[in-house]
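J.: Protein chains in written order, with my numbering: chain Y, 22 to 331; chain A, 6 to 422.
1) Under the three-state reduction of DSSP, which class applies to residue 98/Y: helix, strand or coil?
2) Do residue 59/Y and residue 283/Y have their beta-carbon atoms positioned less than 9 Å apart in this structure?
3) Tell me whether the segment 116 to 123 of chain Y and the segment 85 to 102 of chain Y touch, counting them as touching only if at least three CB pairs, one residue from each stretch, are closer than 8 Å.
4) If we ignore side chains and look at the alpha-carbon of each, how far apart do residue 210/A and residue 67/Y end up?
5) Is there a Cβ from chain Y that is less than 9 Å from the Cβ of residue 278/A?
6) For residue 69/Y, decide whether its Cβ has a neighbour in chain A, counting only Cβ atoms nearer than 9 Å.
7) Counting only runs of 3+ residues fully inside the segment 351 to 400 of chain A, write out the beta strand (DSSP E) ranges in chain order.
8) Do we get a CB-CB distance below 9 Å when we pair residue 38/A with the residues of chain Y?
9) Is there a C-beta anywhere in chain A that falls below 9 Å from the one on residue 35/Y?
10) Spatial neighbours of residue 202/Y within its chain, please: C-beta separation below 6 Å, excluding the five flanking residues on both sides.
11) For the alpha helix (DSSP H) that residue 230/A lies in, which residues bound it at each end?
12) Is DSSP giving residue 211/A helix, strand or coil here?
13) Considering only residues of the same chain and omitting the five flanking positions on each side of residue 173/Y, which have a CB-CB separation below 6 Å?
14) Throw me the rounded Cβ distance for the residue 133/A and residue 160/A pair, which I believe falls under 8 Å.
15) Determine the burial state of residue 31/Y: buried for a count of at least 16 other Cβ atoms within 10 Å of its Cβ, exposed for fewer.
16) Specify, as a first and last residue, the run of the alpha helix (DSSP H) that residue 140/Y falls within.
17) Please report how far the alpha carbon of residue 253/A lies from the alpha carbon of residue 402/A, in whole angstroms.
18) Residue 400/A to residue 385/A, Cα distance in whole Å?
19) Where does residue 77/Y fall in DSSP's three states?
20) Kindly indicate the opening and closing residues of the alpha helix (DSSP H) around residue 26/Y.
21) On the DSSP bridge assignment, give the partners of residue 429/A in chain order.
22) Decide if residue 313/Y is buried, meaning its Cβ has at least 16 other Cβ atoms within 10 Å, or exposed.
23) What does the Cβ neighbour count give for residue 82/Y, buried or exposed, with the cut at 16 atoms within 10 Å?
24) Put residue 406/A into one of helix, strand or coil per three-state DSSP.
25) Hey, out of 347/A, 246/A and 287/A, whose CA is closest to residue 270/A's CA?
26) Along chain A, in chain order, which residues have C-beta atoms closer than 9 Å to that of residue 252/Y?
27) Does any residue of chain A bring its CB to less than 9 Å from the CB of residue 248/Y?
28) Alpha carbon to alpha carbon, how far is residue 162/A from residue 366/A? Give it in angstroms, no decimals.
29) For the segment 289 to 320 of chain Y, enumerate the residues whose C-beta is nearer than 9 Å to any C-beta of chain A, in chain order.
30) Restricting to Cα atoms, I'd like to know which of 310/A, 143/A, 321/A and 346/A is closest to residue 152/Y.
31) Could you give the DSSP three-state label for residue 318/Y: helix, strand or coil?
32) Can you give, in chain order, each stretch of the beta strand (DSSP E) that sits fully within the segment 156 to 187 of chain A and has at least 3 residues?
33) Using the three-state DSSP reduction, which class does residue 93/A fall into: helix, strand or coil?
34) In chain Y, what lies closer than 8 Å to residue 262/A by C-beta?
35) Closest to residue 391/A by C-alpha separation, out of 330/A, 238/A and 350/A, would be which residue?
36) My guess is that residue 275/A and residue 213/A are in contact by the Cβ rule of under 8 Å, so how many angstroms apart are they, rounded?
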């Protein structure tokens with residue numbers, strides 16, 4: 022029983038991170054029907070910028086650059102803001118000119134962006150791993166993480182923090198999309214861009230906001246992922262990005278609660294799969310689930326449940 | 006959608022930039038390869054070593070009028086594995102400088118020519134041919150990777166040119182013939198040595214294993230598991246992960262079920278540092294034991310407090326309290342920006358010093374005499390440990406165990422008996 026609880030907690034934590042990146046995929050897809058493959062790289066930049074804000078100095082393009090050495094709780098929001106700006110810029114440069122082009126063109130552009138960003142990161146930060154500093158409030162005096170014990174299962178403060186932040190972010194986001202004016206504009210644009218434009222919705226602005234939110238969520242996930250696993254590295258976004266994409270499809274792409282559900286489900290399945298079947302096939306579980314889902318319920322878990330796509 | 010043409014243009018420029026950046030990267034690699042290849046070819050073509058220190062010593066060459074002590078230095082000098090070749094060369098440079106400062110070998114000046122095999126068996130064969138055709142060449146220090154070593158080794162053995170590999174661990178290599186030697190232990194031998202260390206020297210009975218999915222990681226784990234059971238220990242868990250993974254909580258939760266006293270990690274430090282962190286976060290208090298892939302200062306840099314007290318197997322202990330070792334470390338640091346030498350540099354140095362000793366015992370700088378002497382010489386005490394060859398040309402050498410202490414790798418209190 023303790024064993025099951027521990028594996029569920031492991032899965033919940035992993036799933037939260039998938040869910041945060043999946044939100045970006047799902048929101049952008051909901052509005053412009055584009056899979057923005059660059060989210061994995063924005064996630065990676067989120068981790069790197071968080072590190073940069075937390076350390077006193079760090080090598081950028083081979084030069085030692087001084088940084089402010091801020092607290093984690095301040096560093097991550099800064100990373101989110103910077104990455105949100107990057108997200109908007111990517112949309113402006115690589116996707117907006119292709120808005121009315123065939124969808125394949127935008128997809129190729131997205132893949133190009135992803136590779137470009139990875140190369141830029143490699144040039145900036147080098148290709149080896151960079152250590153993510155310990156966070157004082159989550160680390161005990163002996164340098165190991167603080168934790169609590171729930172019926173013999175261990176969970177660290179940081180893991181609790183990650184799950185709590187994810188849940189809070191999802192609730193705020195849901196409120197934003199369902200209850201605010203901009204949220205309403207988003208949902209309208211998702212259903213029909215040209216008609217909502219005729220009704221006075223500034224569609225490009227709505228899309229820009231979507232990119233801001235999606236990218237900021239990716240950066241938040243990146244910062245927390247870096248903190249948990251203590252590293253950042255230019256290709257770190259590839260696998261989590263792919264898993265998040267699966268999570269988004271699993272939950273029903275275009276659906277925000279779906280992304281959350283999909284992320285958590287995927288994390289838990291991976292954990293239980295490696296616990297009870299075999300850890301050698303861990304990565305395969307995600308893809309097996311994806312294939313089964315596409316065969317039996319192509320719209321995803323919540324895909325047909327809610328009619329609007331945002 | 007104002008100025009769509011302008012935006013399309015911007016996009017086009019960005020895409021072209023992206024493509025150029027990508028292709029550029031590839032080109033860069035190729036360009037570097039080519040330039041360095043040329044250098045390497047020049048090295049190979051030149052009759053004298055081109056390394057700074059050895060060139061300095063040509064001033065003293067007047068005193069060294071015997072047959073030259075010349076050898077080939079083979080390994081990946083350029084390309085994606087160039088860092089191994091760099092270490093290989095750094096170790097060799099120190100050996101050459103030391104030999105020549107002491108009047109060479111049998112009165113002959115020590116020098117080497119590099120052969121760049123890129124870690125690729127096809128290239129290795131070409132390098133082998135070049136070395137074999139050079140009649141002054143006494144032996145080859147290399148190759149480094151098992152695949153390249155097997156391919157080139159067949160040619161060396163056929164031509165009667167001695168080859169001593171500092172680092173190729175595949176068991177089949179020394180079966181190629183009597184001219185083929187190595188001074189690193191095979192994965193099977195290391196696995197068995199570590200198992201005996203765990204059970205007999207550390208007194209651990211409940212042991213768990215976590216390993217990566219490479220031939221190295223799995224092969225070592227297999228040998229270890231078998232030997233632990235043979236030594237009377239119990240394997241209470243064994244898990245695998247994919248190289249490049251970051252989350253090991255599921256595997257570690259499985260392992261924790263068995264309540265191991267010792268967790269053996271077979272793989273490389275980038276994952277190892279995270280395994281240690283996550284295991285400690287799960288409140289596992291088992292002793293950690295890492296394979297030689299963990300023996301790097303980066304393990305400590307990335308692992309932080311969680312790797313404190315971790316035992317690591319290594320082929321070279323840079324903190325060993327031995328004047329030979331410390332002199333080498335000192336020299337290496339002054340040549341290499343204060344970095345600690347890795348075992349590739351140490352083994353390369355040992356290969357040269359070992360063969361130089363064999364040449365002295367043979368009394369002449371002659372291919373066959375040297376090969377003969379390698380087989381008959383007594384234990385050679387190198388910086389990587391005491392080296393003795395078995396009849397197969399494999400090394401008989403004790404394992405070194407280091408421990409993470411105060412942010413560095415230090416000699417462990419308990420050494421394998």
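Note that the Cβ used here is the ideal one computed from N, Cα and C, for glycine as well.
T.: Let me lay it out:
1) helix
2) no
3) no
4) 44 Å
5) yes
6) no
7) 385 to 387 and 390 to 394
8) Its pLDDT being 37, under 50, residue 38/A is placed unreliably by the model, and the measurement read from it follows with that caveat. No, no contact with chain Y.
9) yes
10) none
11) 220 to 235
12) strand
13) 23
14) 4 Å
15) buried
16) 124 to 146
17) 34 Å
18) 11 Å
19) coil
20) 23 to 53
21) Lying before the first or after the last residue shown, residue 429/A is absent from chain A, which here runs from 6 to 422.
22) exposed
23) exposed
24) strand
25) 246/A
26) 251, 275, 278, 279 and 307
27) no
28) 22 Å
29) 291, 292, 293, 294, 295, 296, 299, 300, 301, 303 and 304
30) 310/A
31) coil
32) 167 to 170 and 185 to 187
33) helix
34) 24
35) 330/A
36) Not quite, the Cβ-Cβ distance comes to about 21 Å (not below 8 Å), so this is no contact.
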